[in-house]
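Numbering of the sequence shown is given in this note's numbering, commencing with residue 1 and proceeding in unit increments.
A virtual CB, placed ideally from N, CA and C, is assigned to each residue, including glycine.
No experiment lies behind these values; they were computed from the predicted model shown.
Below you'll find the structure, written out as structure tokens, and then a few comments.
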Amino acid sequence: MITILRDFKIGVDNAYYGTGRRKESIARVWLVKGSDKYIVKSKDSGKEFDMRQYLQRETLFQKVLYPLKLTGTEGKFGIYATVEGGGISGQADAIMYGVAKALLKYNPELRPTLKKAGLLTRDAREKERKKYGLMKARKGYRWSKR
Numbered sequence: 001m002i003t004i005l006r007d008f009k010i011g012v013d014n015a016y017y018g019t020g021r022r023k024e025s026i027a028r029v030w031l032v033k034g035s036d037k038y039i040v041k042s043k044d045s046g047k048e049f050d051m052r053q054y055l056q057r058e059t060l061f062q063k064v065l066y067p068l069k070l071t072g073t074e075g076k077f078g079i080y081a082t083v084e085g086g087g088i089s090g091q092a093d094a095i096m097y098g099v100a101k102a103l104l105k106y107n108p109e110l111r112p113t114l115k116k117a118g119l120l121t122r123d124a125r126e127k128e129r130k131k132y133g134l135m136k137a138r139k140g141y142r143w144s145k146r
């Protein structure tokens, strides 16, 4: 079921780039002018997928498109994203953040709109490290007096 979906050229004149991160996920996102395709390339498998298929849930797909809908640039760009690490929910958030940053490269005047919606603030919540003497980051072993 390997299909070559990337049939557009990414160049300096027709694409805008943004990097998004969330939890363990990293997304490199290009907004491509004159395309209507939404494509995700997974670094783990090396395959390209249609974004709606890859994200599996419609809510995640709508989350990725939210910056485009908010700024009124929904039909102007196609999205090509490479993702690695984390799960699909974190990857969707990373793509959304990358799209917002790429829109700023396209038009810096969109900044107040994106800022007000909270799309330019990186979500810094990460997994807490495991401490020695504990089972997980905070979960301890059951204490028994005898």
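query                                                                                               : result
Inter-stretch contact at 8 Å, needing at least 3 Cβ pairs: the stretch 71–89 / the stretch 7–23     : yes
Assigned exposure category for Tyr54 - 16 Cβ within 10 Å defines buried                             : buried
Within the stretch 47–106, ranges of the beta strand (DSSP E) (whole runs, at least 3 residues)     : 48–50 and 77–84
CB of Ala117 within 8 Å of CB of Leu70, strictly                                                    : yes
Three-state secondary structure assigned by DSSP to Lys43                                           : coil
Reduced DSSP category for Arg22 - H, G, I as helix; E, B as strand; rest coil                       : strand
Simplified DSSP state of Leu114, which is helix, strand or coil                                     : helix
Residue environment, Leu134, which counts as buried when at least 16 other CB atoms sit within 10 Å : exposed
Which residues DSSP lists as bridging Trp143, in chain order                                        : Answer by DSSP bridge pairing: none, since Trp143 is not bridged.
Spatial distance of Glu128 from Tyr106 (CA atoms)                                                   : 36 Å
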